[in-house]
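Enquirer: What follows is a single structure, and I will ask about it in a moment.
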Amino acid sequence: MRTKALLLTAALSAAGVATSMAQAVYSVNAVGYVNTAVHPGFNLISNPLTATDNTIATLFKGVPVDTAVYKYIPGTGFAIAQYDGDVLAFLPASAASLTVVPGEGVFIKNPTATDFTITFVGEVSQGSLSHATPKGLSIQSSEVPQSGTAADLGLVGAPDDTIYQYDTTTHGYKISSFDGDTLAWAPALGTLKVGEAFFLKKVAASTWTRTFSVNTQ
Numbered sequence: 148m149r150t151k152a153l154l155l156t157a158a159l160s161a162a163g164v165a166t167s168m169a170q171a172v173y174s175v176n177a178v179g180y181v182n183t184a185v186h187p188g189f190n191l192i193s194n195p196l197t198a199t200d201n202t203i204a205t206l207f208k209g210v211p212v213d214t215a216v217y218k219y220i221p222g223t224g225f226a227i228a229q230y231d232g233d234v235l236a237f238l239p240a241s242a243a244s245l246t247v248v249p250g251e252g253v254f255i256k257n258p259t260a261t262d263f264t265i266t267f268v269g270e271v272s273q274g275s276l277s278h279a280t281p282k283g284l285s286i287q288s289s290e291v292p293q294s295g296t297a298a299d300l301g302l303v304g305a306p307d308d309t310i311y312q313y314d315t316t317t318h319g320y321k322i323s324s325f326d327g328d329t330l331a332w333a334p335a336l337g338t339l340k341v342g343e344a345f346f347l348k349k350v351a352a353s354t355w356t357r358t359f360s361v362n363t364q
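Note that my numbering has the sequence shown beginning at 148, numbered continuously upward.
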């Protein structure tokens, strides 16, 4: 199989995927990796690639002791998995077995005073992509490892929908709502880095759809 690799640093204008947060490499079979920096404290991130095992236990294996991953379950709250220094695994097992796939996101808490890096390895989602955006609050992300605003990446707003983008510097949120009169997000949406997730509050359930191919983007 032909395996011409495209380094993202040389293909930014075509792929639109490199940011200060992540670097990636693609091959023609659409398999690659994304390096995501996790800053001290809370970070709202996604798994931008489909791995062979998308459980928290595997995706985040080897992070610093006491790192915690928070997966939000709409209508229930957070399921929390913490990396235990004695067993070198995430506990409890019920939370560690939860999956994080492209289109979803999690909070991750870095307990140290310095950044560390998580490397996601897997396949780039292609074709006709679609995932649910339920009524109420959920954590969302692009199914495709690209940077851009949520609107740039295919999310269609409805009146009074709200996006909350977490800022790791201020430890607060940038909040934008979809105005039914102007049919635009206000204040304007911020750019999402590759592998960054956000909270979305929907007035009514919908879907986030997009068609994507690494050969045309």
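Quick reminder that beta carbons are idealized off the backbone N, C-alpha and C, glycines included. These numbers come from a predicted model, not from an experiment.
Quick one: using the 10 Å Cβ neighbour count with 16 as the cut-off for buried, is A240 buried or exposed?
Expert: exposed
Enquirer: From Q229 to V247, what distance separates their C-alpha atoms?
Expert: 15 angstroms
Enquirer: What did DSSP end up calling A215 once you bin it into helix, strand or coil?
Expert: strand
Enquirer: Please identify the residue among T329, V350, S323, A344 whose C-alpha is closest to the C-alpha of T315.
Expert: A344
Enquirer: Does the beta-carbon distance from A331 to I310 come in below 8 angstroms?
Expert: no
Enquirer: Curious, which full-length beta strand (DSSP E) runs of at least 3 residues does the stretch 280-331 contain?
Expert: Here the runs fully enclosed are 283-287, 309-314, 319-326.
Enquirer: Restricting to runs no shorter than 4 residues, where is the alpha helix (DSSP H) found entirely within the stretch 173-208?
Expert: Under the rule that a run must span 4 or more residues, the alpha helix (DSSP H) segments found entirely inside the stretch 173-208 read 203-206.
Enquirer: With a CB to CB cut of under 7 angstroms and the five nearest residues on each side skipped, what residues in its chain are close to A169?
Expert: Its pLDDT being 47, under 50, A169 is placed unreliably by the model, and the measurement read from it follows with that caveat. Only V181, N182, T183, K340, V341, G342 meet the Cβ criterion.
Enquirer: Taking C-beta to C-beta, are F263 and P211 nearer than 8 angstroms?
Expert: yes
Enquirer: Could you check what DSSP says for A228 in three-state terms: helix, strand or coil?
Expert: strand
Enquirer: Would you mind sorting L300 into buried or exposed? The rule is 16 or more other CB atoms within 10 Å of its CB.
Expert: buried
Enquirer: From F189 to I286, what does the alpha carbon distance come to, in whole angstroms?
Expert: 14 angstroms
Enquirer: CB A352 to CB T280, shorter than 8 angstroms?
Expert: yes
Enquirer: Go ahead and pull the three-state DSSP assignment for S241.
Expert: When secondary structure is reduced to three states using DSSP, S241 falls in the helix class.
Enquirer: Per the DSSP calculation, P249 is bridged to which residue(s)?
Expert: E251
Enquirer: With distance defined between alpha-carbon atoms, name the residue in A305, Y320, F237 nearest to T329.
Expert: A305
Enquirer: Could you give the distance in angstroms between the alpha-carbon of S360 and the alpha-carbon of S277?
Expert: 14 angstroms
Enquirer: Mapping DSSP to helix, strand and coil, what is A260?
Expert: coil
Enquirer: Would you kindly work out how many angstroms separate the C-alpha atoms of R357 and L245, rounded to a whole number?
Expert: 25 angstroms
Enquirer: Suppose you measure from the CA of K208 to the CA of S288; what does that come to, to the nearest Å?
Expert: 21 angstroms
Enquirer: Any idea if P221 is buried or exposed, counting beta-carbon neighbours within 10 angstroms, 16 or more meaning buried?
Expert: exposed
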